[in-house]
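Residue numbers (UniProt numbering): 1 to 183.
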């Protein structure tokens, strides 16, 4: 994610949710309804793994411990302010950048023990809310599958109309979509 760039994404995971992607389809633990752009997810679901470019297929947290990809991902707990997690190698890999951002201290692991600064920690209580965001172009979208969770402070607004729509195949403006509400 480029910190100086604005992105328009769908929120598919809220603070406190546990999200996974199974065969390209987003799932939230305890919820059976559709989440996000169903057409995009179905397209990913129907493709064979070896037809994706390596850079597109690999995703957060980019670690072989998890071996997640854009078709099979998670489960990932999305922290809510006040939630606590046990600190182990897995939680270190998944939540390191968020804990360091919240605490402004280095998180490290030595001999299976996790340290925040120079203090060993067994649990961590999150101070902030986080979200999982997904783009509509699921096969080529900069979103939480690639850059991880989004802190609430980074959300600046909610899209409500389509002000520009370019056909990705022709490069032409899709006039019928302009100024329609975002669904």
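Ideal Cβ placement from N, Cα and C applies to all residues, glycine included.
All values reported here derive from a predicted model rather than from experimental measurement.
Residues in the same chain with beta-carbon distance under 7 Å from residue i, minus the five sequence neighbours each way, listed in chain order, please.
i, result
"residue 59", "68, 69, 70, 73, 145 and 146"
"residue 117", "105 and 106"
"residue 167", "174"
"residue 177", "162 and 165"
"residue 100", "106 and 107"
"residue 63", "93"
"residue 11", "131 and 133"
"residue 112", "89"
To which residues does DSSP link residue i through a beta bridge?
i, result
"residue 166", "173"
"residue 133", "11"
"residue 20", "27"
"residue 61", "None; residue 61 has no bridge partner."
"residue 86", "123"
"residue 114", "109 and 121"
"residue 69", "58"
"residue 77", "18"
"residue 161", "181"
"residue 150", "131"
Leaving out five residues on either side along the sequence, give the residues of the same chain with a beta carbon under 6 Å from the beta carbon of residue i.
i, result
"residue 135", "9, 141 and 143"
"residue 180", "162"
"residue 77", "18"
"residue 33", "none"
"residue 16", "80"
"residue 83", "126"
Can you give me the Cβ contacts of residue i inside the same chain, cut-off strictly under 8 Å, excluding the 5 residues immediately before and after it?
i, result
"residue 121", "87, 114 and 115"
"residue 184", "Here the chain covers residues 1 to 183 and nothing more, so residue 184 does not appear."
"residue 65", "89, 90 and 93"
"residue 6", "156"
"residue 102", "126, 127 and 128"
"residue 97", "148"
"residue 75", "18, 19, 20 and 29"
Are the CB atoms of residue j and residue i within a distance shorter than 8 Å?
i, j, result
"residue 80", "residue 126", "yes"
"residue 149", "residue 130", "yes"
"residue 109", "residue 95", "no"
"residue 216", "residue 4", "The structure shown does not extend to residue 216, since the chain is modelled only from 1 to 183, so the question has no answer here."
"residue 41", "residue 24", "yes"
"residue 128", "residue 152", "yes"
Answer yes if the stretch 148-157 comes into contact with the stretch 166-175, meaning at least three C-beta pairs across the two stretches below 8 Å, and no otherwise. no
Do the stretch 29-37 and the stretch 84-97 meet, that is, are 3 or more Cβ pairs less than 8 Å apart? no
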